[in-house]
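Following my numbering, the numbering of the sequence shown begins with 24 at its first residue and continues without gaps. All C-beta atoms, glycine included, are put in the ideal place defined by N, C-alpha and C.
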Amino acid sequence: MCSILGVFDLRPGADLRALRPFALSLSARQRHRGPDWSGVHAEPRALLVHERLAIVDPAGGAQPLRSADGALALAVNGEIYNHRALEAGLRTPYAFGSGSDCEVVNALYRDGEEPGAWLARLNGIFAFALWDAARGRALIARDPIGVCPLYWGRDGDGRLWVASEMKALVRVCADVAPFPPGHWCELTAGADGAMPQPRRYYAPAWRDYARTRGVAVPPQALRAALERAVHRQLMSDVPYGVLLSGGLDSSLVAACAARFARHRVEDDDRSEAWWPRLHSFAIGLEGSPDLAAARVAAEAIGTVHHGFTYTFEEGLDALPEVIRHIESYDVTTVRASTPMFLLARRIRAMGVKMVLSGEGADEVFGGYLYFHKAPNAEEFHAETVRKLDALHLYDCLRANKAMMAWGVEARVPFLDLEFLEVAMGMDAAHKLVRPGPDGERAVEKAVLREAFEGVLPREILWRQKEQFSDGVGYGWIDGLKAHAEAQVSDADFAAAAERFPVNPPATKEAYWYRVLFERHFPGEACARTVPGGKSIACSSPAALAWDASFARMADPSGRAVVGVHRAAV
């Protein structure tokens, strides 16, 4: 993964003498995403800057990627897992100039189909800006779920800017906003200065519950689908590892990765991997539930495990920098991003540049504890779709930005598009919370657990959901609340709505995060990039109707779901 920055002026005769160094200075604000190399393509109508984190083809693959005739220039943040199959299916020959998986985007663009058609065939995580000099056209697109961040806006001179992180645009574009996942847009010469209208290319049939009704997926098929997703995403020419919290999701990803780690995915598993031992990483306060569970999982899976501890004070010290990196003041996101930020620093210090993570499983299978209250399969399914639609503002944002703050790429097999077709295509009746193997207590994600029976120790396979910010140690959240109480006066909090008219904070903790956010991202446009309403995981109108107590909850911790959460021991 990397960072991109693009400026599209689309007017002949633009003066690059001032614009080029200015764009480079803005791109430097996100260079933590790509510390390995910088590349620039500049001409009067378009300027692209790329900061590279070399994962595939580190010796080549420098960006922006140019076509042989020089007409196309492409800056991409991401990975295209099915690039070889896409290259084999091209109708028009294309002269590839690198081993980069992302160069297939240029080839598909040249193949002649409408962008929406070939974008829908990309299985990967990406955000890109492509410039076609011959046609005077810019194409911008983002992956279906929004794993890779992308922001855009216009400056005072009407130029369109795009960047991987908001910090590169905040002082330039008064209307900065996230580019929507699963969309693309086109900008051509002669545009009137209005923002172009993004067009959706990702609209899977499973969004409609009626299209999934009655569909069952055998346990072995579900397991095989996740194994294939993990295998695809092990595409790497550099050392990699797995995040292992000891929860179900990360443990399953780690177990699948361990199956394939000894061979190179790049040559269809014919040769031995360059780094055959799989390393796993966990973090928590001393005595945290996650650290203990991660040790059990790692021993069973056979990874080289690294469990790190941090103190509350270390987390508190890092928190202002965490908010600058993640570009959010959402309470759950800030709480969980801080230990992940500290873990990423440790991982990069060990020479690892890519990790697999378990994000997305709770959205796909209804793993959050409030799903225990879902009244029926149709509402359960609708809530999983809503959660996936918002994931780019929460867990995807956290995993990407907290890890990329130190130049570590996080990949998310549960959000692999082929896996989603299987897992979201089943009737949610099979995902409803039901009794576990002890027959006494209801367990979330039972359908997923049953598919991997025998792969993990039962205390891991059937461990209850712990949100990451809870699992690192309950003292983390409790300490943050206490610190916020001391930091924010009653008078300041009483005037919260006046100071912050956009999404006024509902707690002193939220107020404190908002103050830290505003130092780096002032103005209403920046405030609107963060979801509004109560900072609670089940804040949709449908979910609030499942249990009257949800409407009174101001704290988003999983521990707050009364009658469901059981404290870890």
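Bridge partners - residue i, DSSP secondary structure assignment
| i | result |
| --- | --- |
| Pro458 | Ala465 |
| Asn105 | According to DSSP, Asn105 bridges with nothing at all. |
| His73 | Ile27 and Gly62 |
| Ser303 | Val265 and His328 |
| Glu295 | His286 |
| His206 | Arg223 |
| Pro201 | Tyr174 |
| Asp147 | Rather than Asp, the amino acid found at residue 147 in this sequence is Gly. Note: Gly147 sits in a beta bridge opposite Ile103. |
| Leu245 | Partner(s): none; Leu245 has no beta bridge. |
| Trp499 | DSSP, once it has assigned bridges, lists no residue as partnering Trp499. |
| Trp569 | According to DSSP, Trp569 bridges with nothing at all. |
| Met377 | Tyr263 and Glu432 |
| Asp513 | Per DSSP, none; premise fails for Asp513. |
| Ala239 | Looking at the DSSP assignment, Ala239 forms no beta bridge with any residue, so it has no partner. |
| Ile163 | Ala152 and Cys208 |
| Leu183 | Phe31 and Arg177 |
| Ala91 | DSSP, once it has assigned bridges, lists no residue as partnering Ala91. |
Inter-residue spacing [alpha-carbon to alpha-carbon] between residue i and residue j
| i | j | result |
| --- | --- | --- |
| Ala367 | Arg158 | 42 Å |
| Glu476 | Val276 | 14 Å |
| Asn526 | Ala550 | 8 Å |
| Asn100 | Asp513 | 44 Å |
| Thr356 | Tyr417 | 6 Å |
| Ala96 | Leu245 | 39 Å |
| Glu322 | Tyr263 | 19 Å |
| Val511 | Phe403 | 38 Å |
| Arg582 | Thr326 | With a pLDDT of only 49 at Arg582, under the threshold of 50, the placement of this residue in the model should not be trusted; the figure read from the coordinates follows. The straight-line gap from Cα to Cα measures roughly 30 Å. |
| Ala428 | Arg537 | 20 Å |
| Pro116 | Gly237 | 43 Å |
| Arg40 | Ala217 | 26 Å |
| Leu339 | Ser360 | 12 Å |
| Glu337 | Leu365 | 9 Å |
| Leu420 | Arg222 | 22 Å |
Spatial neighbours of residue i in its chain, beta-carbon cut-off 6 Å, leaving aside the 5 residues before and after
| i | result |
| --- | --- |
| Asp32 | Arg68 and Arg182 |
| Thr332 | Glu309 |
| Val63 | Val72 |
| Glu110 | Val127 |
| Asp38 | none |
| Lys424 | His348 and Ile349 |
| Arg34 | none |
| Val30 | Ala46, Leu70, Arg182 and Trp184 |
| Leu17 | The chain is shown only over 24 to 592; residue 17 falls outside these bounds and no answer can be derived. |
| Ser273 | Leu266, Leu267 and Gly381 |
| Lys410 | Glu386 |
| Ala446 | Val387 |
| Trp599 | Examination of residue 599 is not possible in this model, given that the chain is present from 24 through 592 alone. |
Residue i versus the options, residue with shortest Cα-Cα distance
| i | options | result |
| --- | --- | --- |
| Val240 | Gln510, Leu503, Glu444 and Val495 | Glu444 |
| Arg287 | Val265, Phe331, Gly389 and Val261 | Val261 |
| Thr235 | Gly448, Pro81, Ala200 and Ile27 | Gly448 |
| Glu652 | Ile500, Thr407 and His543 | A query on residue 652 cannot be resolved here, the shown segment of the chain reaching from 24 to 592 and no further. |
| Ala413 | Asp180, Val553 and Glu441 | Val553 |
| Leu113 | Asp134, Val193, Tyr225 and His415 | Asp134 |
| Gln86 | Ala118, Tyr117, Leu131 and Ala152 | Ala152 |
| Leu210 | Leu192, Ala156, Gly383 and Tyr225 | Ala156 |
| Gln53 | Ala65, Ala548, Gly430 and Pro460 | Gly430 |
| Leu118 | His106, Leu339, Ala91 and Thr326 | Inspection of the sequence shows that residue 118 is occupied by Ala rather than by Leu. The shortest Cα separation from Ala118 among His106, Leu339, Ala91 and Thr326 belongs to Ala91. |
| Ala191 | Pro460, Val435 and Ala51 | Ala51 |
| Ala94 | Glu66, Pro81 and Ser121 | Glu66 |
| Lys376 | Pro201, Glu432 and Ser351 | Glu432 |
| Glu547 | Arg194, Leu142, Leu131 and Ala517 | Arg194 |
| Phe437 | Glu541, Leu249 and Glu295 | Leu249 |
| Asp570 | Ser121, Ala384 and Lys396 | Lys396 |
Chain-order list of residues whose beta-carbon lies under 8 Å from that of residue i (same chain, five-residue window excluded)
| i | result |
| --- | --- |
| Gly269 | Ala305, Pro312, Asp313, Leu314, Ala315, Ala316, Ala317, Arg318, Val319, Ala320, Ile483, Arg486 and Gly494 |
| Tyr104 | Asp124, Asn146, Gly147, Arg255, Gln256, Met258 and Asp439 |
| Phe335 | Leu308, Gly498, Trp499 and Gly502 |
| Ser187 | Cys25, Ser26, Ile27, Leu28, Gln53, Arg56, Asn100, Ala150, Cys171, Pro172, Leu173 and Tyr174 |
| Asp292 | Phe283 and His286 |
| Arg43 | Val63, Ala65 and Leu70 |
Residues of its chain near residue i, where Cβ-Cβ distance is below 7 Å and the 5 sequence neighbours each way are ignored
| i | result |
| --- | --- |
| Cys196 | Gly176, Arg177, Asp178 and Trp184 |
| Ala280 | Val253, Leu257, Val265, Leu301 and Leu379 |
| Arg144 | Leu109 |
| Ala400 | Asp450, Ala451, Ala452 and Leu455 |
| Asp59 | Arg75, Leu76 and Ala77 |
| Pro204 | Arg165, Asp166, Pro167, Ile168, Gly169 and His415 |
| Arg230 | Val408 |
| Pro299 | Ala284 and Arg285 |
Touch test, the region 453-467 against the region 362-377, Cβ-Cβ under 8 Å, three pairs minimum: Taking 8 Å as the limit for Cβ pairs, the verdict is that the region 362-377 does not touch the region 453-467.
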